[in-house]
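**Q**
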Amino acid sequence: MITIENVRQRAQADARTYGYYLNPDSEFLQDLLEGLKKNEERYGYPSCPCRVASGEFELDRDIICPCDYRDPDVAEYGTCYCALYMRKDLYEGKAPILPIPERRPAEKQTRAYAVTSQVASQAVTGEAPVMKTAGPAAVRKKLWYCRQCGYVVFREDPPYVCPICKAKREMFVELEITPVG
Amino acid sequence: MITIENVRQRAQADARTYGYYLNPDSEFLQDLLEGLKKNEERYGYPSCPCRVASGEFELDRDIICPCDYRDPDVAEYGTCYCALYMRKDLYEGKAPILPIPERRPAEKQTRAYAVTSQVASQAVTGEAPVMKTAGPAAVRKKLWYCRQCGYVVFREDPPYVCPICKAKREMFVELEITPVG
Amino acid sequence: MITIENVRQRAQADARTYGYYLNPDSEFLQDLLEGLKKNEERYGYPSCPCRVASGEFELDRDIICPCDYRDPDVAEYGTCYCALYMRKDLYEGKAPILPIPERRPAEKQTRAYAVTSQVASQAVTGEAPVMKTAGPAAVRKKLWYCRQCGYVVFREDPPYVCPICKAKREMFVELEITPVG
Chain V
31 MITIENVRQR AQADARTYGY YLNPDSEFLQ DLLEGLKKNE ERYGYPSCPC RVASGEFELD
91 RDIICPCDYR DPDVAEYGTC YCALYMRKDL YEGKAPILPI PERRPAEKQT RAYAVTSQVA
151 SQAVTGEAPV MKTAGPAAVR KKLWYCRQCG YVVFREDPPY VCPICKAKRE MFVELEITPV
211 G
Chain D
31 MITIENVRQR AQADARTYGY YLNPDSEFLQ DLLEGLKKNE ERYGYPSCPC RVASGEFELD
91 RDIICPCDYR DPDVAEYGTC YCALYMRKDL YEGKAPILPI PERRPAEKQT RAYAVTSQVA
151 SQAVTGEAPV MKTAGPAAVR KKLWYCRQCG YVVFREDPPY VCPICKAKRE MFVELEITPV
211 G
Chain B
31 MITIENVRQR AQADARTYGY YLNPDSEFLQ DLLEGLKKNE ERYGYPSCPC RVASGEFELD
91 RDIICPCDYR DPDVAEYGTC YCALYMRKDL YEGKAPILPI PERRPAEKQT RAYAVTSQVA
151 SQAVTGEAPV MKTAGPAAVR KKLWYCRQCG YVVFREDPPY VCPICKAKRE MFVELEITPV
211 G
């Protein structure tokens, strides 16, 4: 069973690792944590409480909290899209919380939305489920490595920021493996 | 030469990275650090001061401090098995320190114990060393990746928690490499 | 455009991740951040403000800030080579800042210097650029993994310290990939 406390501790541990703070407004924070809990119960993963998930893991991967967009958003605006994670100056009220434009590519939003609305219309009309327009097969993952520190990841696209050395996305290149022997 | 200060600094650096605290009881902490130092001198790696190591790296890998069980134990009980690493609330005395059940699989304990007792009995009887029952070859490592953030590791089993995005062990799947060209 | 604030935030985020502090002397810190900014504008990457870069990424990779030598230097001396990153005791003035010997191998310094001086002499004589003595091809990267935690990197040499579990460099071994199917 997932409890609000589990969700809170995981978020807090992650905030500490990255030097972030959780939103100090306890009521607002509680709402976000409940959203994460609800999504984890519904989908099996804690997708972003401020975005619509498709329920298909591969389409939602980039918006599982902490989402792919958190680090560049905290760097540029001081908080993530939901204002769950904050930089110290905003946490301490020394800088204002600004509206944050959606950084998720429109193409990913559209793919997720197509699945969501299809599921919804089937629920309404009672039609048999049809072939999904975009499945996991649509996502091609590759090995990437950070040219600065050597960090290796297996993803569709490289991360915005290297979690090890903080190099920018442009520092990642594809890693092609040639067999040994 | 390994000094207590080296051991302390490494533990402190690691505590900071994960947002943990070292046990505030300075005498108790000193004992643990001395245990780590003694193990590092004896085996070449700082195996857990509260567990019996075999001296075979591959069998002890999961109990090299910080052990594989630390993060789930701190998450569930607030401290690691030894109470070396602690969560903030326990460090500050706001929550009690509870006994922690051994999370290490019995099978791993048995393998390590078999090696330890064999070495001990040889020491007593003066017999020639025999073929060890379990060697490094018994451990088959694989590449795994975190489906959430793409983190890649080469281990026998995936970690309990992804060190990068904190996803649970179930989020890891085997990464099969197909050669390029 | 790169601003001093970008450079400062990246350094601060990285300091927090590793439990370090930025130099408290604000004027000295400002000079280092300006050095990083200037190098990033000139070379495309923020090479160490206290070392001479060649401008060839593969030759400078180990001195891109945070450099490969930061973690062992902070562990041993309490600060990095530039005194940009500091351990808490030195940050708080409880321990003195000592001169730090250059840990970068002489061979790497020589390679970088050969390129730098060649470029400089071409600039002076106006000669046509000649084949560079050491190019990216001279660097052979391999996959390495940490035997303790399984962390995988793709680099020329393994890191001094595993960024995930803090194991020493000796814990890394080459990872040879055999194809599946």
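Chains as they are written, first to last, in the numbering used here: chain V, 31 to 211; chain D, 31 to 211; chain B, 31 to 211.
Yeah, the Cβ is synthetic: ideal placement off N, Cα and C, and Gly gets one too.
In whole angstroms, what separates the C-alpha of B/R72 from that of B/G85?
**A** B/R72 and B/G85: Cα-Cα distance of roughly 8 Å.
**Q** Which chain V residues are close to D/Q178, counting only those with a beta carbon under 8 Å from its beta carbon?
**A** Per Cβ cutoff of 8 Å: Y75, R91, I94.
**Q** What does V/T33 touch in chain D if you count any residue whose Cβ is under 7 Å from its own?
**A** Per Cβ cutoff of 7 Å: no residues; V/T33 is ~11 Å from chain D at best.
**Q** Determine which residues of the stretch 176-205 of chain D have a Cβ less than 8 Å from any Cβ of chain B, and write them out in chain order.
**A** Flagged, chain order: V182, V183, F184, R185, P189, P193.
**Q** May I have the straight-line CA-CA distance separating V/D32 from B/T47, to the nearest angstrom?
**A** Note on identity: in this sequence residue 32 of chain V is Ile, with Asp being the wrong assignment. Cα-Cα distance, rounded: 28 Å.
**Q** Which of the three DSSP states, helix, strand or coil, is assigned to B/T33?
**A** Residue state, collapsed to three classes: coil.
**Q** Run the CB neighbour count on D/A136, radius 10 Å, all protein chains shown included, and call it buried at 16 or more, exposed below.
**A** It is exposed - the Cβ of D/A136 has fewer than 16 other Cβ atoms within 10 Å.
**Q** Using a 10 Å radius around the Cβ and a threshold of 16 neighbouring Cβ atoms, would you call D/V160 buried or exposed?
**A** Reliability of the predicted coordinates at D/V160 is poor, the pLDDT of 43 falling under 50, and the value obtained from them is presented with this limitation in mind. Answer is exposed; the Cβ neighbour count stays below 16.
**Q** From which residue to which residue does the alpha helix (DSSP H) around D/K172 run?
**A** Segment 172-176 is the beta strand (DSSP E) holding D/K172; no alpha helix (DSSP H) there.
**Q** When the distance is taken between beta carbons, is B/K124 closer than 9 Å to B/L89?
**A** Contact: no.
**Q** What did DSSP end up calling B/R91 once you bin it into helix, strand or coil?
**A** Helix, per DSSP.
**Q** In angstroms with no decimal places, state the Cα-to-Cα distance between B/G180 and V/T109.
**A** Each residue's alpha carbon lies about 32 Å from the other.
**Q** Which one of V/N69, V/A43, V/L114, V/I94 has the shortest CA to CA distance from V/Q60?
**A** Checked all of V/N69, V/A43, V/L114, V/I94; the closest Cα to V/Q60 is V/L114.
**Q** Is the CB of D/L173 under 9 Å away from at least one CB in chain B?
**A** Judged by the 9 Å Cβ criterion, D/L173 is in contact with chain B.
**Q** Please list the partners that B/T47 has in chain D, where partner means a Cβ-to-Cβ separation under 8 Å.
**A** Correct list: T47.
**Q** Flag V/A83 as yes if its beta-carbon sits less than 9 Å from any beta-carbon of chain B, otherwise no.
**A** No, its Cβ sits nowhere closer than 9 Å to a Cβ of chain B.
**Q** Look up B/Y143 in the DSSP assignment and say whether it is helix, strand or coil.
**A** In this structure, B/Y143 counts as helix in the three-state DSSP scheme.
**Q** Could you give the uninterrupted runs of the beta strand (DSSP E) lying entirely in the stretch 60-136 of chain D, keeping only those of 3 residues or more?
**A** Correct list: empty.
**Q** Given a threshold of 16 other Cβ atoms within 10 Å of its Cβ, counted over all protein chains shown, does B/Y50 qualify as buried or as exposed?
**A** The residue in question, B/Y50, is buried, as its Cβ has 16 or more Cβ neighbours within 10 Å.
**Q** Closest by CA to D/F184, which one among D/A43, D/E200, D/L205?
**A** Ranking the options by Cα distance to D/F184, first place goes to D/L205.
**Q** What in chain V is Cβ-close to D/A43, meaning under 9 Å?
**A** The premise fails here: D/A43 is roughly 13 Å from chain V at the closest Cβ pair, so nothing lies under 9 Å.
**Q** Quick check on the burial criterion: 16 or more other C-beta atoms within 10 angstroms. Buried or exposed for B/P188?
**A** So B/P188 ends up on the buried side.
**Q** Mind listing which residues of the stretch 105-116 of chain D have their C-beta closer than 8 Å to chain V's C-betas, in chain order?
**A** Listed in sequence order: A105.
**Q** Which residues in chain B have a C-beta closer than 7 Å to the C-beta of D/R40? List them in chain order.
**A** Within 7 Å Cβ-Cβ: K196.
**Q** V/Y14 bridges to which residues according to DSSP?
**A** A question about residue 14 of chain V goes unanswered here, because the residues of chain V that appear run from 31 up to 211.
**Q** I'd like to know whether the C-beta of D/F87 is nearer than 9 Å to at least one C-beta of chain B.
**A** At least one chain B Cβ lies under 9 Å of D/F87.
**Q** Determine whether the Cβ of D/V37 lies closer than 9 Å to any Cβ atom of chain V.
**A** Taking Cβ atoms only, chain V never reaches closer than 9 Å to D/V37, which makes this a no.
**Q** Can you grab the Cα-Cα spacing for the pair V/D55 / V/E122, in whole Å?
**A** One C-alpha to the other measures close to 11 Å.
**Q** Name, in chain order, the residues that DSSP records as bridge partners for D/F202.
**A** According to DSSP, which records beta bridges pairwise, D/F202 is partnered with D/C176.
**Q** As a quick exercise: from V/V182, V/R81, V/P131, pick the residue whose alpha carbon is nearest that of V/A140.
**A** The displayed chain sequence assigns Thr, not Ala, to residue 140 of chain V. Checked all of V/V182, V/R81, V/P131; the closest Cα to V/T140 is V/R81.
**Q** With DSSP as the reference, please indicate the residues paired to D/V182 in a beta bridge.
**A** Bridge partners of D/V182: D/Y175.
**Q** Under a CB-based cut-off of 9 Å, is D/I127 close to chain V?
**A** Chain V, which has no Cβ nearer than 9 Å to the Cβ of D/I127, makes this no.
**Q** Does any CB atom of chain V fall closer than 9 Å to the CB of B/I130?
**A** Not an interface residue.
**Q** Could you round the C-beta distance between D/F87 and B/R177 to whole angstroms and report it? I think they count as a contact, below 8 Å.
**A** At roughly 7 Å, the Cβ-Cβ gap stays under 8 Å, so D/F87 and B/R177 are in contact.
**Q** Does the distance from the CB of D/D92 to the CB of D/D101 come in under 9 Å?
**A** No.
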